[in-house]
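Engineer: Start counting the sequence shown at 23; every next residue gets the next number (this note's numbering).
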Amino acid sequence: MAVPYHSSSFVFVFTLICVLGVSLGFNSTSDLDDSLVYLWPLPSDFTFGEDVLAVDPDLSLAVGGDGGNSDIVREAFLRYRGIIFKHSTRFSKFRGRSMYDISKIRIIVHSDSEVLQLGVDESYSLLVAKNDDRSIIGEATIEANTVYGALRGLETFSQLCAFDYGTKTVQVYNAPWYIQDKPRFVYRGLMLDTSRHYLPIDVIKHVIESMSYAKLNVLHWHIIDEQSFPLEVPTYPKLWKGAYTKWERYTVEDAYDIVNFAKMRGINIMAEIDIPGHAESWGTGYPDLWPSPSCREPLDVSKEFTFDMVSGILTDMRKIFPFELFHLGGDEVNTDCWNSTPHVQQWLQDHNMTPKEAYQYFVLRAQEIAISKNWAPVNWEETFNTFATNLNPRTVVHNWLGPGVCPKAVAKGFRCIYSNQGVWYLDHLDVPWDGFYNAEPLEGINSASEQELVLGGEVCMWSEVADTSNVLQTIWPRAAAAAERLWSKREATSGKNITLTALPRLHYYRCLLTRRGVEADPVTNKYARQPPNGPGSCYEQ
């Protein structure tokens, strides 16, 4: 008999004795809490039973609906089949297709649209049942309105599958499963900084692939900063002279490739150019952008060439990045350089502006340019904190300095993204997993209409002290804690002793990541990005 999950009463009645004791090699059921559901992030609603189903290593795909035949669906099925069947089953005790309970996965997608934008429907239902007298299904079935919901369903199905070392088969425990799932927030992001340290294309793709395992759906690509300008801009070909070296660059084709790779996994790319501050590298190729050779940022507000450059960059980038949001930065702008440079000082005087007003002027002009390219501008919170009443109403305010900003922003009608640095900055190695897990984007926001203006949140991977050697270890598994907060129901992630309800599940998920080749660090180290402190099981670190 299926056991229902009641989110309101937080009843987790899930038996994983077989999964933990047999397929994962545990000697006893005391290794992990067998009352928890080891799916991450936790689905919205589900029921399950007591059957054990064997999955055919020759698992086939059947599709239905207007969008079922999409390449996105077919390629995802092949990826996930490869993930599920990592082990050879050559000597399995199960021989012949008739011995398997699940030989087919049916994916039904109702819409043929593959447009990936903010708020795309990612809901899905998943049924995994046995073909016997009680059921005529005999297959796993995913039903979704869009291909992106189907992707989320495939991820959940893959987490239900576990290799049994005794029978040498992939099995699904506690079947039949019926899951209805959808995300809590439309924006579930990870920011990746490729200016402070260059990250090769394959590393960026590895990050994107790992994001899909946690159902994150936006990579905020902080491509450019004061240290380096690695992106090719055809209209202004000297800009990437600001790269560290000629080998640490991204061509237009590279950027296209990353966007398309991410789309196949249901992930949008939100690009950022951080202006007018954080832009010293621009002047390596075009020194006229600097107020002076000795005073190199913010960008020179007094020259039309500066805004022509911004427009040209955005025109070229619009051809690459189809996502409706574009990040214009706007943080940490120190205007002393403008005040101390004679020609900028004269321009300020001629226009009757203070440096603070010139900062506003620059941000608003950049916003106008972005909007003219059919982008909604995203700006770091300093812009809101300094001149909220003059920001374009389409502005998305990106919180980072601390708590309390999103409540103020949505009260004024702005949309907001939550990234409080005290809890969601991955480069803060002293913030433990539970700091990420307990952070609540809607804290202090009680009005339903204002809550809807909070798009969601993102964890931020600044790379001053991270590169290819350690970036994945810094991201995972703490990013997964935020991912569950952003996907799962609030009542399912709040108000409980998370050391009992979440930590064992996060240990399990971290080991799932490592089995998939993601370099995820131990969960409970005092500082993130540290190796294990001694011998032990993956499930206890």
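Beta carbons: idealized from backbone N, C-alpha and C, even for Gly. Just so it is clear, the structure is predicted and the values come from calculations on it, not from any experiment.
1) Please state whether DSSP places N401 in a helix, a strand or coil.
2) So, is E404 buried or exposed, given that buried needs 16 or more other C-beta atoms within 10 angstroms?
3) Check whether the Cβ of W484 sits closer than 8 Å to any heavy atom of the ligand FAD, and report yes or no.
4) Going by DSSP in three states, E97 sits in which element: helix, strand or coil?
5) Whole beta strand (DSSP E) runs in the region 417–447 with 3 or more residues, listed along the chain?
6) What are the start and end residues of each continuous beta strand (DSSP E) run of 3 or more residues lying completely inside the region 198–260, in chain order?
7) Three or more C-beta pairs closer than 8 Å, one from the region 237–250 and one from the region 286–300: is that the case here?
8) Could you pull the start and end residues of the beta strand (DSSP E) that P344 belongs to?
9) Straight-line CA distance for R551 to Q495?
10) Would DSSP call F34 helix, strand or coil?
11) Kindly confirm or deny that the region 537–557 and the region 73–85 touch, where touching means at least three C-beta pairs closer than 8 Å.
12) Could you spell out the range, first to last residue, of the alpha helix (DSSP H) harbouring P526?
13) Flag this pair as yes or no: are the beta carbons of Q367 and W360 separated by less than 9 Å?
14) Output the distance between the C-alpha atoms of L173 and M121, rounded to the nearest integer angstrom.
15) Can you give me the Cβ contacts of G424 inside the same chain, cut-off strictly under 8 Å, excluding the 5 residues immediately before and after it?
16) Provide the residue span of the beta strand (DSSP E) that contains T163, from first to last.
17) Hey, is the region 471–488 in contact with the region 496–504, meaning 3+ C-beta pairs nearer than 8 Å?
18) S316 bridges to which residues according to DSSP?
19) Just how far apart, CA to CA, sit W243 and Y209?
20) Do Q202 and Y146 have their C-beta atoms within less than 9 Å of each other?
21) Report all residues from its chain with a CB closer than 6 Å to the CB of E302; omit the five preceding and five following residues, and keep chain order.
22) Locate the beta strand (DSSP E) running through C183, then write down its first and last residues.
23) Could you tell me the alpha carbon to alpha carbon distance between M483 and V493, rounded to whole angstroms?
24) To the nearest angstrom, report how far apart F343 and G211 are at their CA atoms.
25) Do M339 and F348 come within 9 Å of each other at the CB atom, strictly closer than that value?
26) In the DSSP assignment, the beta strand (DSSP E) including N290 goes from what residue to what residue?
27) What is the C-beta distance between T306 and F384, in whole angstroms, given that I count them as a contact (C-beta under 8 Å)?
28) Check for me: the alpha helix (DSSP H) holding D143 runs from which residue to which?
29) Buried or exposed: which applies to D73, given that a residue is buried once 16 or more other Cβ atoms fall within 10 Å of its Cβ?
30) Cα separation between N401 and E165?
31) To the nearest angstrom, how far is it from the Cα of E379 to the Cα of H365?
32) Could you check where the beta strand (DSSP E) with I130 kicks off and where it finishes?
33) Once you ignore the five residues that flank E294 on each side, which residues in its own chain have a CB closer than 7 Å to its CB?
Structural biologist: Working from what's here:
1) Within the sequence shown, the letter at position 379 stands for residue 401. N401 falls in the strand class under three-state DSSP.
2) For the purposes of this step, residue 404 is taken as residue 382 along the sequence shown, with counting starting at 1. Per the 10 Å Cβ criterion, buried.
3) Questions concerning the ligand FAD fall outside what the structure shown contains, since it holds no ligand whatsoever.
4) Position 75 of the sequence shown, counted from the start, is the residue given in the question as residue 97. Looking at E97 - three-state DSSP - the assignment turns out to be helix.
5) 418–420, 437–440
6) 199–203, 209–215, 240–244
7) yes
8) Position 322 of the sequence shown holds residue 344. No beta strand (DSSP E) holds P344; DSSP gives it neither H nor E.
9) Taking the sequence shown and counting its residues from 1, one reaches residue 551 at position 529. Taking the sequence shown and counting its residues from 1, one reaches residue 495 at position 473. Approximately 5 Å between the Cα atoms of the pair.
10) Your numbering for residue 34 matches position 12 in the sequence shown. Reliability of the predicted coordinates at F34 is poor, the pLDDT of 31 falling under 50, and the value obtained from them is presented with this limitation in mind. Of the three classes helix, strand and coil, the one that applies to F34 here is coil, per DSSP.
11) no
12) Working through the sequence shown from its first residue, we reach residue 526 at position 504. P526 -> alpha helix (DSSP H) spans 525–537.
13) Within the sequence shown, numbered from 1, the residue matching residue 367 stands at position 345. Within the sequence shown, numbered from 1, the residue matching residue 360 stands at position 338. Contact annotation: Q367 and W360 have beta-carbon atoms nearer than 9 Å.
14) For the purposes of this step, residue 173 is identified with residue 151 of the sequence shown, where counting begins at 1. For the purposes of this step, residue 121 is identified with residue 99 of the sequence shown, where counting begins at 1. Near 28 Å, if we compare the C-alpha coordinates of M121 and L173.
15) Mapped onto the sequence shown, residue 424 falls at position 402. Here the set comprises N442, Q443, G444.
16) Start at 1 with the first residue of the sequence shown, and residue 163 comes out as number 141. First-last of the beta strand (DSSP E) with T163: 162–166.
17) yes
18) Numbered from its first residue, the sequence shown carries residue 316 at position 294. S316 is not bridged to any residue.
19) Position 221 of the sequence shown, counted from the start, is the residue given in the question as residue 243. Position 187 of the sequence shown, counted from the start, is the residue given in the question as residue 209. Their backbone Cα atoms lie some 14 Å apart in a straight line.
20) Taking the sequence shown and counting its residues from 1, the one referred to as residue 202 is at position 180. Taking the sequence shown and counting its residues from 1, the one referred to as residue 146 is at position 124. Cβ atoms of Q202 and Y146: closer than 9 Å.
21) Position 280 of the sequence shown, counted from the first residue, corresponds to residue 302. Closer than 6 Å at Cβ, skipping near neighbours: E248, R318, E319.
22) In the sequence shown, counting from the first residue as 1, residue 183 sits at position 161. Unbroken beta strand (DSSP E) run through C183: 183–186.
23) For the purposes of this step, residue 483 is identified with residue 461 of the sequence shown, where counting begins at 1. For the purposes of this step, residue 493 is identified with residue 471 of the sequence shown, where counting begins at 1. Their Cα atoms are separated by approximately 8 Å.
24) Along the sequence shown, read from residue 1 onward, the residue named residue 343 stands at position 321. Along the sequence shown, read from residue 1 onward, the residue named residue 211 stands at position 189. If you take the alpha carbons of F343 and G211, they lie about 16 Å apart.
25) Taking the first residue of the sequence shown as 1, we reach residue 348 at position 326. Taking the first residue of the sequence shown as 1, we reach residue 339 at position 317. Annotated as proximal: F348 and M339, with beta-carbon spacing under 9 Å.
26) Here residue 290 corresponds to residue number 268 of the sequence shown, with the count starting at 1. Segment 290–294, the beta strand (DSSP E) holding N290.
27) Within the sequence shown, residue 306 is the residue found at index 284, counting from 1. Within the sequence shown, residue 384 is the residue found at index 362, counting from 1. Contact doesn't hold; Cβ gap of about 20 Å is too wide.
28) For the purposes of this step, residue 143 is taken as the residue at position 121 of the sequence shown. Looking at the DSSP string, D143 is not in any alpha helix (DSSP H), and its letter there is neither H nor E.
29) In the sequence shown, counting from the first residue as 1, residue 73 sits at position 51. A residue is called buried once 16 or more other Cβ atoms fall within 10 Å of its Cβ, and D73 is buried on that count.
30) Here residue 401 refers to the residue found at position 379 of the sequence shown. Here residue 165 refers to the residue found at position 143 of the sequence shown. When rounded, the distance between both Cα atoms is 37 Å.
31) To locate residue 379, count along the sequence shown from 1; it is residue 357. To locate residue 365, count along the sequence shown from 1; it is residue 343. Approximately 17 Å between the Cα atoms of the pair.
32) Numbered from its first residue, the sequence shown carries residue 130 at position 108. Note, I130: beta strand (DSSP E), 124–131.
33) Here residue 294 is taken as the residue at index 272 of the sequence shown, counted from 1. Once the five neighbours on either side are set aside, the close Cβ partners of E294 are H242, W243, H244, I245, H349, G351.
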